[in-house]
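Asker:
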Amino acid sequence: MSRRISRSQLLGYLDKLSREEPLSEPKLYQAADQFGLSIDQLLANATRSHIRHDLVTYSGVDQDTLAQWQRMAEERHAVARIDQSIMGNSHGARVSGAMVSVRSGRQPHPQVVMVNDQGEVSAPPGSTPAARLIIVENLENFLSLDGTLSLLPACGLSPAWQEADILYGSGNSITNILLTPFFQQYQEIGCLFDPDPGGIRMCDTLHQRGDLPPLYFLVPADLRERLSASTREINMKQRQQLAIHIRRSPPCAHVGGLIRTTGKHLEQETYLLPVSTTEATR
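Everything in the sequence shown is counted per full-length UniProt numbering, starting at 1 for the first residue and increasing by one.
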C-alpha cells in the first residue's frame with residue numbers, strides 16, 4: 001500500500017505543474033484520488049511528455065483548476081482532525097475535545113461533561129463536582145448505581161464516598177490527557193477497574209501523569225478469594241508487564257501483586273456477584 005500524500009507534497013506537485021517541471025505521475029494521480037480532486041478536469045487540455053521512469057511533464061493544464069487545488073491544499077482547518085480527514089487519515093490527529101458520562105446518588109441520571117483542548121470543563125447548568133470521583137471501567141457497573149455504591153464499603157471506603165461522582169470510563173479513553181482538568185476538580189479518585197492486566201495498565205498510566213489527585217485502585221477485601229476462583233489465567237508476557245507497573249506505580253502494587261500471585265484475573269462485573277459464583281464467570 002502506498003504511503004499517504006501530505007498537503008506539503010501535494011503543493012510540491014502543483015508547483016511543478018505550474019512550472020511544467022517533471023513530477024511523478026503515479027503520485028499526482030494518487031494525490032488527486034486521496035484528496036477527492038478531479039484529475040481529468042485538471043489535465044483535460046494538457047499535453048503530456050514522458051521523461052523517464054514514472055516522471056512526466058504537463059503543459060497547458062487548466063489554470064483555474066490548478067489555482068483551486070492550490071487554495072485547497074494551503075487551507076488549514078482550526079480542527080486538526082478535520083484536516084487529517086481530508087487526507088483520509090483522521091486517526092492521525094487527536095480529537096479536539098473529550099467527553100464523559102457522570103452520575104451519582106444525588107444525581108442518578110447520567111450527565112455529560114465535556115473538556116475542550118484548551119482545558120475548559122463544560123458541565124450541565126447547576127451541577128457541581130463532588131469531592132471524590134470513582135472511575136468505573138465497565139458499563140454494567142456504571143448502570144448498576146446502587147450495586148456499585150453498596151460495593152464501596154467492601155473496598156474499605158468511608159461513608160463519605162457514597163457522595164462521590166461515578167464516571168463511566170470505557171477502555172483506554174479514560175486515560176485521554178485532555179481529561180486532566182476534569183480530574184483535577186476532585187480531591188481523591190478511586191479507580192474501579194478490572195483486576196486484570198488492562199486495568200492495572202490504565203491505573204499506571206493515570207498515576208504516571210503525575211498531576212492528578214491521589215489515586216486508589218478499588219477492589220473488595222475478598223479479591224484474593226475471587227481471583228483464586230476465577231478460570232481466567234494470565235500469560236508470561238502479562239506477568240512481566242505487571243511487574244513493571246507494580247514497581248513504578250504504588251496504587252497498582254497491591255492488586256497487581258495479587259494477580260501475579262494467583263496467576264488469575266477478573267472482570268469487575270463479577271463484583272456484583274457473591275464470591276461463590278465467580279467461578280462461573282468465564
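Note that CB positions come from ideal geometry on N, CA and C, so glycine has one too.
1) In whole angstroms, give me the CA-to-CA distance for L28 and Y13.
2) Taking just the CA atoms, how far does S96 sit from L55?
3) Do you know offhand how far H53's Cα is from K264's?
4) Have a look at the DSSP bridge pairing and note the partners of G97.
5) In this structure, does DSSP put H265 in helix, strand or coil?
6) Alpha carbon to alpha carbon, how far is S101 from N45? Give it in angstroms, no decimals.
7) Could you check whether I244 and H257 sit closer than 8 Å to each other, using their CB atoms as the reference points?
8) Kindly give me the distance between the Cβ atoms of Y186 and R132, rounded to whole angstroms, as I take these residues to be in contact under 8 Å.
9) Tell me which residues share the same chain as A31 and place their Cβ nearer than 8 Å to its Cβ, disregarding the 5 neighbours each side in the sequence.
10) With a CB to CB cut of under 8 Å and the five nearest residues on each side skipped, what residues in its chain are close to Q208?
11) Quick check: the segment 144–151 against the segment 198–205, are at least 3 beta-carbon pairs closer than 8 Å?
Answerer: The short version:
1) 7 Å
2) Each residue's Cα considered, the two are about 40 Å apart.
3) Their backbone Cα atoms lie some 59 Å apart in a straight line.
4) Assignment of beta-bridge partners to G97 by DSSP yields N116.
5) H265 falls in the coil class under three-state DSSP.
6) 57 Å
7) For clarity, residue 257 is Gly in the given sequence; the question names His instead. Cβ atoms of G257 and I244: not closer than 8 Å.
8) 6 Å
9) I5, Q9, L10, Y13 and L37
10) The answer, listed in chain order, is R248 and S249.
11) no
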